[in-house]
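Trainee:
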Amino acid sequence: MNSTQGGDPFATHLLQWFDVSGRHDLPWQHPRTPYRVWLSEIMLQQTQVRVVVPYFERFVAALPDVGTLAAAPLDDVLALWSGLGYYARARNLHAAAQLCAQRHGGELPRDFDALLALPGIGRSTAGAILSQAWGERVPILDGNVKRVLCRMHGVEGWPGLPAIEKRLWAIAEAHVHGVPADRMADYTQAQMDFGATLCTRHDPACMLCALQHDCVALREGRVEELPTPKPGKPLPERHALALLLHDAQGRVLLQRRPPTGIWAALWSLPEHTDHDQARAWYSGHIGDGYDSAEALDPIAHGFTHYRLTLQPLEWRGAALGASVRDDDGLRWVARDELRSLGIPAPIRSLLERRLP
DNA sequence: AATTCGGGGCA
DNA sequence: TGCCCAGAATT
Numbered sequence: 221m222n223s224t225q226g227g228d229p230f231a232t233h234l235l236q237w238f239d240v241s242g243r244h245d246l247p248w249q250h251p252r253t254p255y256r257v258w259l260s261e262i263m264l265q266q267t268q269v270r271v272v273v274p275y276f277e278r279f280v281a282a283l284p285d286v287g288t289l290a291a292a293p294l295d296d297v298l299a300l301w302s303g304l305g306y307y308a309r310a311r312n313l314h315a316a317a318q319l320c321a322q323r324h325g326g327e328l329p330r331d332f333d334a335l336l337a338l339p340g341i342g343r344s345t346a347g348a349i350l351s352q353a354w355g356e357r358v359p360i361l362d363g364n365v366k367r368v369l370c371r372m373h374g375v376e377g378w379p380g381l382p383a384i385e386k387r388l389w390a391i392a393e394a395h396v397h398g399v400p401a402d403r404m405a406d407y408t409q410a411q412m413d414f415g416a417t418l419c420t421r422h423d424p425a426c427m428l429c430a431l432q433h434d435c436v437a438l439r440e441g442r443v444e445e446l447p448t449p450k451p452g453k454p455l456p457e458r459h460a461l462a463l464l465l466h467d468a469q470g471r472v473l474l475q476r477r478p479p480t481g482i483w484a485a486l487w488s489l490p491e492h493t494d495h496d497q498a499r500a501w502y503s504g505h506i507g508d509g510y511d512s513a514e515a516l517d518p519i520a521h522g523f524t525h526y527r528l529t530l531q532p533l534e535w536r537g538a539a540l541g542a543s544v545r546d547d548d549g550l551r552w553v554a555r556d557e558l559r560s561l562g563i564p565a566p567i568r569s570l571l572e573r574r575l576p
């Protein structure tokens with residue numbers, strides 16, 4: 221008859237893991253007062269434990285309780301925060317302490333909505349304070365918990381999406397009901413320790429995991445895929461015109477690309493950003509007839525930093541004007557010569573389709 | 001819903 | 001470099 225009887229497997233196994241492998245010596249755990257839990261939670265927003273520990277110790281040594289924080293000049297608070305980043309956290313912390321002095325008798329309120337009304341405290345931080353400081357049955361949902369729940373339950377989609385986050389809160393809420401009443405503080409700490417030290421973003425220790433039989437991602441071999449990564453910003457798109465000119469002998473006009481940049485020094489088709497430029501180039505090098513071009517199917521090509529769409533325009537029976545024959549960057553190329561030249565793959569593919 | 005805040009660790 | 005981390009406030 222152990223203390224976790226009746227809980228769901230997630231809470232039960234997580235607490236068993238925590239008792240053996242969790243972190244029990246973090247400075248805000250001794251003593252675990254509401255003020256120290258609050259301060260640690262604010263400092264730990266978007267900031268790793270290793271970075272926070274020395275700041276926390278300096279801060280509580282200088283400002284050991286809500287009253288001294290509220291009475292301290294903001295400059296002192298910011299000085300203690302200096303180097304941690306996200307200085308709005310420090311300003312909010314200071315303002316919240318003063319609100320506590322006004323509204324709550326100089327202490328942090330033991331009430332979810334009252335906590336949420338304080339600047340710098342959102343739903344997850346309020347849950348962390350109530351559960352860790354008072355043992356109340358309130359869930360949290362930070363980056364660690366999101367990662368763990370996405371894997372355990374096979375939740376797809378970037379956890380930052382509102383719809384996904386809503387699902388994760390519902391799951392977190394459900395799990396909380398399976399936690400033994402006297403273990404909520406440990407449960408909250410256990411989730412964060414578990415995500416930070418075992419169920420890590422990269423190379424999670426699934427072989428050592430106390431929850432490996434509860435994990436959808438492990439069962440389906442999708443641990444590395446979940447949680448779904450944040451979608452990268454859509455790559456910038458660039459468009460260009462590629463001029464495909466055949467002469468009377470069936471050769472094609474290639475141009476050596478500049479020595480730097482994309483496809484540096486390779487042989488490719490003469491390329492222009494718009495019709496005005498292309499028309500001007502055509503007039504100078506070929507002559508009349510720009511508008512007789514046939515527009516071929518566009519070529520899409522992805523690079524690491526942008527997507528390029530090339531619109532090929534094709535002419536047959538073209539000839540270079542006499543005045544540009546010395547242009548070193550231009551060259552008529554027969555089909556047999558193509559394989560001996562450095563040509564970008566999508567251009568080579570196009571040429572092979574158009575040079576039968 | 002997207003943006004902003006911003007310091008350090010790490011691939 | 002770009003991405004990630006015990007998120008919340010702002011627009």
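Going letter by letter, the first sequence gives residues 221 to 576 in my numbering.
Ideal Cβ placement from N, Cα and C applies to all residues, glycine included.
Keep in mind the model is a prediction, meaning the values are calculated, not measured.
#1: When the distance is taken between beta carbons, is Ile-506 closer than 8 angstroms to Ala-538?
#2: Checking the sheet assignment: what are the DSSP bridge partners for Ser-488?
#3: Could you pull out every unbroken alpha helix (DSSP H) segment of at least 4 residues lying fully inside the stretch 251-290, listed in chain order?
#4: Pick from Leu-489, Arg-477 and Thr-288: whose alpha carbon is nearest that of His-314?
#5: So, with DSSP's three-state summary, where would you put His-521?
#6: Considering only their Cβ atoms, is the gap separating Ile-341 from Ala-316 smaller than 8 angstroms?
#7: For the alpha helix (DSSP H) that Arg-387 lies in, which residues bound it at each end?
#8: Can you have a look at Met-427 and say buried or exposed, based on whether 16 or more other CB atoms are within 10 angstroms of its CB?
#9: Applying the 10 Å Cβ sphere with the 16-neighbour rule, what's the burial state of Leu-431?
#10: Following the continuous alpha helix (DSSP H) through Trp-301, name the residue where it begins and the one where it ends.
#11: Measuring alpha carbon to alpha carbon, tell me which of Gln-236, Phe-276 and Thr-417 ends up nearest Ser-260.
#12: When burial is assigned at 16 or more other CB atoms within 10 Å of the CB, is Thr-493 buried or exposed?
#13: Following the continuous beta strand (DSSP E) through Val-553, name the residue where it begins and the one where it ends.
#14: Using a 10 Å radius around the Cβ and a threshold of 16 neighbouring Cβ atoms, would you call Leu-235 buried or exposed?
#15: If you measure between the beta carbons of Ala-460 and Leu-530, is that distance less than 8 angstroms?
#16: Name the two residues that bound the continuous alpha helix (DSSP H) containing Ile-567.
#17: Relative to the C-alpha of Leu-264, which residue among Gln-409, Ala-334, Glu-491 and Val-358 is closest?
#18: Closest to Ser-344 by CA distance: which of Val-375, Lys-386, Met-372 and Arg-323 is it?
#19: Check the C-beta distance from Cys-370 over to Pro-274 and give it rounded, since I have them as a contact under 8 angstroms.
#20: In this structure, does DSSP put Trp-354 in helix, strand or coil?
#21: Going along the chain, which residues of its own chain have a beta-carbon closer than 6 angstroms to the beta-carbon of Leu-350, five neighbours each way excluded?
#22: Looking only at its own chain, which residues have a Cβ that is under 7 angstroms from the Cβ of Val-368, when we skip the five neighbours before and after it?
#23: Can you tell me whether DSSP reads Thr-224 as helix, strand or coil?
#24: Do Trp-483 and Arg-477 count as a contact pair if the criterion is CB distance below 8 angstroms?
#25: Determine which residues share a DSSP beta bridge with Arg-458 and list them.
#26: Determine, using beta carbons only, whether Ala-373 and Val-436 come nearer to each other than 8 angstroms.
#27: Could you pull the start and end residues of the alpha helix (DSSP H) that Thr-408 belongs to?
#28: For Glu-514, name the three-state secondary structure that DSSP assigns.
#29: Based on the DSSP secondary-structure assignment, which residues constitute the bridge partners of Trp-534?
Mentor: In short, the structure shows the following:
#1: Cβ distance < 8 angstroms, so Ala-538 and Ile-506 count as in contact.
#2: Partner(s): Gln-475.
#3: For the stretch 251-290, whole alpha helix (DSSP H) runs of length 4 or above, ordered along the chain, are 254-263 and 269-282.
#4: The option with the nearest alpha carbon to His-314 is Thr-288.
#5: Correct three-state label for His-521: strand.
#6: Yes.
#7: 382-396 is the span of the alpha helix (DSSP H), which, as asked, contains Arg-387.
#8: By the Cβ-count criterion, Met-427 is exposed, with fewer than 16 other Cβ atoms from all chains shown falling within 10 Å of its own Cβ.
#9: Residue burial annotation: Leu-431 is buried, with at least 16 other C-beta atoms found within 10 angstroms of its C-beta.
#10: Residues 294-301.
#11: Closest by alpha carbon: Phe-276.
#12: With fewer than 16 other Cβ atoms within 10 Å, it is exposed.
#13: Looking at the DSSP string, the run of the beta strand (DSSP E) that includes Val-553 is 550-553.
#14: For Leu-235, the number of other beta carbons within 10 angstroms of its own is at least 16, and it is reported as buried.
#15: Closer than 8 angstroms, so yes.
#16: Its alpha helix (DSSP H) spans residues 565-574.
#17: It is Gln-409.
#18: Checking every option, the nearest Cα to that of Ser-344 belongs to Lys-386.
#19: With a contact defined as Cβ atoms closer than 8 angstroms, Cys-370 and Pro-274 miss out at about 32 angstroms.
#20: Of the three classes helix, strand and coil, the one that applies to Trp-354 here is helix, per DSSP.
#21: Counting only Cβ-Cβ distances below 6 angstroms, and skipping sequence neighbours, we find Glu-356 and Val-358.
#22: Only residues of its own chain outside the window of five on either side were considered, and among them Gln-411, Phe-414, Gly-415 and Cys-419 have a CB closer than 7 angstroms to the CB of Val-368, listed in chain order.
#23: Because the pLDDT at Thr-224 is just 41, under 50, the model does not fix this residue reliably, and the value given afterwards should be weighed accordingly. Shown here, Thr-224 sits in coil according to DSSP, grouped into three states, outside any helix or strand.
#24: Result yes, Cβ atoms of Arg-477 and Trp-483 sit closer than 8 angstroms.
#25: Note: Arg-458 sits in a beta bridge opposite Leu-528.
#26: According to the sequence provided, residue 373 is His. The question's Ala does not apply to it. In this structure, Val-436 lies closer than 8 angstroms to His-373 by Cβ.
#27: Note, Thr-408: alpha helix (DSSP H), 404-417.
#28: Annotated three-state conformation of Glu-514 is strand, per DSSP.
#29: Here residue 534 turns out to be Glu, not Trp, going by the sequence shown. Per DSSP, the beta bridge partners of Glu-534 are Leu-464 and Glu-514.
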